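Residue numbers (this note's numbering), protein chains in the order written: chain A, -15 to 767; chain B, 375 to 531. Idealized CB from N, CA, C, for every residue including glycine. On a predicted model such as this, the values are computed, not experimentally measured, just so you know. What follows is a short report on a single structure.
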Amino acid sequence: MSATEERTGYIGAPVKRREDASLLTGRGTYVDNMAPAGTVAMVVVRSPYAHARVKSIDMGAAKQAEGVVAVFSAAELRDDWKAPLPCAWPVTEEMKSPDHYPLTDVACYQGDGVAVVLAESRAHARDAAELIEVDYEPLDAVAGVERALEDGAPLVHPDLGTNECYVWRLDTDATGQAIDDADVVVTRTYYQPRLIPNAIEPRAVLAVPGTTGDMTLYSTTQVPHILRVLAAAGLGLHETKLRVVAPDVGGGFGSKLDVYAEELLALALARRLERPVKWTEERSENYVATIHGRDLVTEYTLAATKDGTITHCRARVKAAMGAYLQLVTPGIPLLGAWIYAGPYAIPNYSVEFTGVFTNTTPTDAYRGAGRPEATYVIERTMDALANELGMDKLELRRKNFIKEFPATIGSGLTIDSGDYLASLDKLLQVFDLDAFRAEQAKRRDNGGTLLGVGFSTYNEMCGLAPSRILGAIRYAAGGWDTATIRCLPTGSIQVITGTSPHGQSHETAWAQIVADQLGCDIDAVEVLHGDTSISSIGMDTYGSRSLPVGGVALYHAAAKVIDKARQIVAHQLEVSADDLEFADGTFTVKGSPDKTATFASVAFGAWAAHDLPDGMEPGLEATAVYDPPNFSWPGGAHAAVVEVDPETGDTRLVRYVAVDDVGTVVNPMIVDGQVHGGITQGISAALYEEGAYDEDGNLLTANLLTYLVPSAAELPSFELERTESPSPTNPLGVKGVGETGTIAAAPAVINAVLDALSHLGVKDVQMPATPERVWRAIEEAKS
Amino acid sequence: MRHVGLTVNGMRHELELEPRELLVQVLRDRLRLTGTNVGCDTSSCGACTVLVDGESAKSCTLLGVQVDGSEITTIEGLATNGALHPVQQAFHDRHALQCGFCTPGMVLAAVSLIEHGEATSEAAIRVGLEGNLCRCTGYHNIVAAVQDAAAAMGRAS
């Protein structure tokens, strides 16, 4: 990266991670590794039915079983809950939100908890759970979104009288021209399957009661701060009586961005028993008890003039909520609602989302959350429109790219910066399309496996988010974040962040930012996070927000600290603060290079407080809360190459080239890692992963044997490049990067499959493009 | 209860085990060696991979009583005298871990692959690690790290 080579200092350098030392040697602090003396193991008894009433429950034998401490049904714990499990995003005033408590006596999805067992060990608890006899009355269930909206479909919540949760619309009518009057109108309908996040660490919870009515909750959570607010409310605790700790957390991808039944159960039961209570999810349990992503049907339309100028986009989305609304379930489709025009200048904009209850595990945030769903239908339909127009697919994209920034888009938001043409140009420098087409033609002539290339030019909005906008779209909290920088007497720096990493390397990257600004050795900077007793407020980590919000808060806190230090130095050297320059950790008087003060000496002086300006507080510490003025707008261009065996439908990804523009890069090694992982989850959605239910709401892909999480053997190495359009909305110029790969990759791969088969007349294949689906598509095109 | 004697990371342990206890439970719960993680219940993810008499094995697929008399190496026993094993070092240098949960198993699977002389190409490494799932890295940097480590250990070809 030429842009990074020019810089000095830590920002832009591939600084190796300080997180690795413990993780590489087996000293991670994952929740399941904790076992305080006296801990009771908790096991949840779950409904095997997608919809059933508990007629009776016999817990007698379980209570008598060896090692059992207590057993509770839903009814017995009802008074422990001061509020239902929270949904923080009522997207419309009329939205229907059925109450959901940690245990239920009417199960609404397979896996809904009906009882809980506590025992001296997990083995005892599991044995006892087997002895609980639940007499269920099965009720009619519905699993698919389209079926759920049909007249006469079983109702997930009969008291609501409908499976429709909400309808949300955003329309602009910029030109007054009707979409159907356009020269060319292309409408396609896409099903995007349910995805099961599968963080490799299953969830785990440990609730430890204190001595004064206080509780500590250790949880595999992305959101310790949000969890504290809502768990305290759910249990009727003062927030000050609840400490939440997110220790090392083994991946999240959105699935640990929630307030879960087991977190509240462990707290309530630890309070009742006055003993620590621990629950560790099993993987197969994770498949039903942890949120899923996606599961939506989208009808998407693009309209254009004959010369390929796109005039309209329209999306009609039916999105599965699952059986209940978890923390941000109804808002997930909306996170894509403003980008259904992608990186293209499309004046007329119309989207409509219908949230639909089904008897399935609730959906919620999964990597990309709303934006992969948008990008998939846009990029698929761009190819279809190009075919309809008889136009080159990339030429159609180039013609319609937004080219000037800042750009106010059809949905009403403003994109701060970008250069979509530059990303595509760079992609085509790396990817020799002419050579590929020649090889593709040769393969077609020779028979045997076919080659195809697919493109995805994308943008996305992340960095959640400006608080006023969140308020305007009815999200319950703000989108700011906070940072404290505390200079210790020796010049060491303590950084306290409101973000909560679970693989994103904040300890390393945050130290880079602060060490550069204060001009100190990176090893002098420690980064503290993920514990509400250390970092009492924060908005945590999701939506590619940590760097463009929490990282920018660091910048502002450091600036405050430097400003105070400058006042101290000015006082001590008897010069004007304006005459001081600060660089590389040293203040110098302009024009008098011999008059200097190191930042470390100022930190000591501020601590000793012997010689501070009149009225100045001792110490050198500052907190900044940063509320971003805009979302973060990454973009880029990706190309996928697949090899398809037309005899079997077997499809393999053989090459992947990604050019991403994520603004200024703090640590290229970490950014590349985020892109690798993100791309992989998008590829995997395109080729391998599908959470499938039968008509009765039984999860058919209920473990790692039946749901294909790819291994190294299914994937190639990736080729990454960057372009760099710094964000003008923050002083670091940074944008989010955690989700870009997932947002861009799936349509590139499916477009590649269709490109490979285009000469056979294949026009569509549903994700995931399994050998069977691809083979059937080929056979259907033949007939 | 059955008496089992085993050596873990060079230390001898005499244990009374229930026949149903899995090796991973013995390591984590009895010996408090929590570096070996549990990521699934179908022997699919490989997070619990350890070395049993030098061979990589998913410790959820073995009963404690099956490894009576064995020598076991877990992630805690891989570094020597404070120096990272070449595979650990390569994982650090190549950013081959993010959340770190799959890492102990991935590292030990890689050690076994390299020591068996099977880490001779990118394709061989990819196939050799197919029993270990990672959800963060997309494997790109893991494969690169294993190639580096194999070279450092003189086993790249």
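Of all residues in the stretch 499 to 515 of chain B, the ones placed with a Cβ closer than 9 Å to any Cβ belonging to chain A are 499, 500, 501, 502, 503, 504, 505, 506, 507, 508, 509, 510, 511, 512, 513, 514 and 515, in chain order. Distances from the alpha-carbon of residue 298 of chain A to those of A:321, A:145 and A:577 put A:321 closest. Close CB contacts of residue 765 of chain A within its chain, under the 7 Å cut and outside five residues either way in sequence, are with 744, 745 and 746 (chain order). Check the Cα spacing between residue 524 of chain B and each of B:457, B:476, B:450 and B:464: the tightest is with B:464. Going by DSSP, residue 546 of chain A is part of no beta strand (DSSP E) but of the alpha helix (DSSP H) stretching over 536 to 557. Residue A:471 holds the alpha-carbon nearest to the alpha-carbon of residue 591 of chain A among A:212, A:471 and A:400. Take the alpha-carbon of residue 292 of chain A and the one of residue 375 of chain A: they are about 8 Å apart. Boundaries of the alpha helix (DSSP H) around residue 410 of chain A: 404 to 414. From the listed residues A:287, A:373, A:447 and A:386, the smallest Cα separation to residue 326 of chain A is found for A:386. In this structure, DSSP gives residue 457 of chain B an extended state, which the three-state scheme calls strand. Interface with chain A (8 Å Cβ-Cβ cutoff): residue 449 of chain B is included. Runs of the beta strand (DSSP E) lying entirely within the stretch 573 to 634 of chain A and spanning at least 3 residues, in chain order: 576 to 582, 605 to 610 and 619 to 628. The beta-bridge partner set that DSSP reports for residue 174 of chain A consists of A:282. Interface annotation, residue 233 of chain A: in contact with chain B, CB-CB separation under 8 Å.
At least one C-beta of chain A is nearer than 8 Å to the C-beta of residue 473 of chain B.
In this structure, DSSP gives residue 697 of chain A a helical state, which the three-state scheme calls helix. Residue 380 of chain B sits buried, since 16 or more C-beta atoms from the chains shown fall within 10 Å of its C-beta. Taking a Cβ-Cβ cut-off of 8 Å, residue 431 of chain B has no neighbours in chain A, whose nearest Cβ is about 17 Å from it. Secondary structure note for residue 451 of chain A: its alpha helix (DSSP H) is the uninterrupted segment 451 to 456. Note on geometry: alpha-carbon atoms of residue 401 of chain B and residue 408 of chain B lie some 7 Å from one another. Inclusion of residue 94 of chain A and residue 681 of chain A in the CB contact set at 8 Å is warranted, their separation being smaller than that value. In the three-state reduction of the DSSP assignment, residue 243 of chain A falls in the coil class, being assigned neither a helical nor a strand state. Taking each of A:314, A:700, A:308 and A:723 in turn and checking the Cα distance to residue 83 of chain A, the smallest one comes out for A:308. Straight across, the Cα-Cα distance linking residue 557 of chain A with residue 503 of chain A is about 20 Å. When C-beta distances to chain A are compared with 8 Å, the residues of the stretch 410 to 424 of chain B below that value are 410, 411, 412, 413, 414, 415, 416, 418, 419 and 421, in chain order. The Cβ atoms of residue 204 of chain A and residue 187 of chain A sit closer than 8 Å to each other. Residue 755 of chain A sits in a helix when the DSSP states are folded into three classes. Listed by position along chain A, the residues whose Cβ is nearer than 7 Å to that of residue 453 of chain B are 9. Two segments are said to touch when three or more pairs of C-beta atoms, one from each, lie closer than 8 Å; by this definition the stretch 144 to 154 of chain A does not touch the stretch 255 to 268 of chain A. A direct Cα-to-Cα measurement between residue 348 of chain A and residue 277 of chain A gives close to 6 Å. For the stretch 255 to 287 of chain A, the beta-carbon criterion of a distance under 7 Å to any beta-carbon of chain B is satisfied by 266, 267 and 268.
Classified as buried, residue 216 of chain A has 16 or more neighbouring CB atoms from the shown chains inside 10 Å of its CB.
In this structure, residue 344 of chain A places its C-beta atom within 8 Å of the C-beta atom of residue 306 of chain A. In this structure residue 722 of chain A is in contact with residue 528 of chain A, their Cβ atoms being roughly 4 Å apart against a cut-off of 8 Å.
In the DSSP annotation of this structure, the continuous segment of the beta strand (DSSP E) that includes residue 468 of chain A starts and ends at 465 to 471. Taking a C-beta cut-off of 8 Å against chain A, the contacting residues of the stretch 514 to 530 of chain B are 514, 515, 516, 517 and 518, listed in chain order.
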